[in-house]
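In the numbering used here, the protein residues as written are 1 to 349.
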């Protein structure tokens with residue numbers, strides 16, 4: 001097990017901050033590459049909406065089971081090894097998601113994909129908490145901005161490749177190359193340990209932590225719906241070619257990136273309460289219009305962006321509480337960070 005004395009003698013700096021940003025980019029790129037593939041998987045396996053919804057639960061189950069295990073493994077072996085292992089799982093699962101057509105194979109591929117995503121998500125958020133605390137600055141919103149940037153590259157890039165005539169397998173192979181290049185850049189400066197302090201393996205949430213968890217459940221539900229269903233919705237209900245349907249999530253991720261990168265300053269100027277209330281109301285209106293508007297493609301894209309921007313404003317309020325006071329009070333920094341809880345709540349849809 002990692003020596004705590006060695007941990008205390010090492011202070012994460014700029015290189016560790018940069019590797020954390022790249023790791024979040026990896027997580028966003030990996031998960032967003034799935035969004036344009038959903039209509040293809042649905043058509044290839046001949047699934048109806050109900051069956052597809054049940055299959056998508058396998059992704060969430062894989063993430064839920066992997067996240068606490070990732071925290072335990074990060075405590076024992078360090079963030080670097082665990083994040084690397086999770087990224088490799090994603091690389092193995094993506095070609096399967098692009099090619100398999102039987103339901104049992106899709107179940108296995110989605111479970112593996114979810115496990116990889118959960119492992120990376122949990123580990124990089126744990127590293128982010130440690131790196132942010134060491135810097136003494138609010139950095140979490142910027143870290144998650146890189147996740148959203150990865151989402152733009154993944155969704156828009158795969159959609160563009162499909163639109164150019166590349167097969168789903170070919171598009172995923174390009175994504176895998178990008179993932180491995182990013183991993184090679186980030187891995188040397190990912191933390192060789194997984195925690196700065198000891199604590200219980202699991203802490204029952206209460207008080208402010210429970211409130212944050214409930215709020216995150218709501219806002220991440222919208223992100224999960226956009227990830228798993230926006231391409232199917234646009235292709236099936238709005239008549240958009242399925243090669244370009246993944247651009248819906250790319251539009252979602254674009255405004256999400258803007259909101260996350262500017263979130264700290266917005267909250268500082270307006271206050272958390274105003275941002276939460278305004279963001280929540282606007283997100284509800286945006287999602288309603290995105291679902292029921294029938295005024296053409298442009299309006300549909302605009303509604304996705306509106307809903308995403310509002311949802312991002314809500315999220316920007318949580319990092320300062322989660323990464324400092326709440327994590328310290330609930331002893332969630334080892335080995336299951338609050339950030340991991342936020343991650344798997346997203347997948348419970």
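Just so you know, even glycine gets a beta-carbon here, dropped at the ideal spot from N, CA and C.
Roughly how many angstroms lie between the CA atoms of residue 45 and residue 28, to the nearest whole one? 26 angstroms
Please tell me whether residue 179 and residue 26 are closer than 8 angstroms, where the distance is taken between their beta carbons. In terms of Cβ geometry, residue 179 and residue 26 form a close pair [threshold 8 angstroms].
Kindly confirm or deny that the segment 87-99 and the segment 165-172 touch, where touching means at least three C-beta pairs closer than 8 angstroms. yes
Which ranges would you report for the alpha helix (DSSP H) in the segment 135-163 if only whole runs of at least 4 residues count? 140-163
At least three beta-carbon pairs within less than 8 angstroms, the segment 84-93 to the segment 36-43: In short, these stretches do not touch, since the Cβ pair count stays below three.
Is residue 102 helix, strand or coil when you go by DSSP? coil
Under 7 angstroms Cβ to Cβ from residue 148, same chain only, skipping five residues before and after it: list those, please. 28, 253, 256, 257, 260
Give me the Cα-Cα distance between residue 150 and residue 229, rounded to the nearest whole angstrom. 19 angstroms
For residue 242, count neighbouring Cβ atoms within 10 angstroms of its own Cβ and tell me buried if that reaches 16, exposed if not. buried
If I measure Cβ to Cβ from residue 161 and keep anything under 8 angstroms in the same chain, skipping five residues before and after, which residues do I get? 170, 171, 174
Taking residue 219 as part of the alpha helix (DSSP H), name the residues at either end of that continuous run. That run of the alpha helix (DSSP H) goes 208-237.
For residue 185, which of helix, strand or coil comes out of DSSP? In the structure shown, residue 185 sits in a helix (DSSP, three-state: H, G or I).
For residue 48, does the three-state DSSP call read helix, strand or coil? coil
How is the alpha helix (DSSP H) around residue 286 delimited, first residue to last? 272-292
Count the other CB atoms within 10 Å of the CB of residue 80; is the residue buried (16 or more) or exposed (fewer)? buried
What does the alpha-carbon distance come out to for the pair residue 144 and residue 90? 19 angstroms
Residue 273 to residue 14, Cα distance in whole Å? One C-alpha to the other measures close to 32 angstroms.
Just tell me which of 269, 125, 129, 286 has its CA closest to the CA of residue 223. 286
Neighbour-count burial assignment, residue 16, 16 or more Cβ in a 10 Å radius: buried
Three-state class that DSSP yields for residue 251 in the structure shown: helix
Any contact of the segment 121-135 with the segment 151-160, i.e. 3+ C-beta pairs under 8 angstroms? no
Looking at C-alpha atoms only, which residue of 266, 166, 280, 136 is the closest neighbour of residue 217? 280
Expressed to the nearest angstrom, what Euclidean distance is found between the alpha-carbon atoms of residue 125 and residue 185? Going from the Cα of residue 125 to the Cα of residue 185 covers about 18 angstroms.
Could you pull the start and end residues of the alpha helix (DSSP H) that residue 32 belongs to? 14-32
Grouping DSSP H, G and I as helix and E and B as strand, with all else coil, what is residue 243? Residue state for residue 243 is assigned as coil, using DSSP reduced to three classes.
Under the assumption that residue 245 contacts residue 234 (Cβ atoms under 8 angstroms), give the Cβ distance between them as a whole number of angstroms. 4 angstroms
Who are the Cβ neighbours of residue 19 in its own chain at under 6 angstroms, not counting the five residues just before and after it? 186, 189, 190
Distance between residue 114 and residue 344 (C-alpha atoms, nearest Å): Its pLDDT being 33, under 50, residue 344 is placed unreliably in this model, and the value from its coordinates should be taken loosely. For residue 344 and residue 114, the distance between alpha carbons rounds to 10 angstroms.
Measure the alpha-carbon distance for residue 136 versus residue 236 and round it to whole angstroms. 48 angstroms
Anyone know if the C-beta pair for residue 74 and residue 61 falls short of 8 angstroms? no
Helix, strand or coil for residue 190, going by three-state DSSP, please let me know. coil
From residue 116 to residue 33, what does the alpha carbon distance come to, in whole angstroms? 13 angstroms
If I'm right that residue 59 touches residue 110 with Cβ under 8 angstroms, what's the distance once you round it to whole angstroms? 5 angstroms
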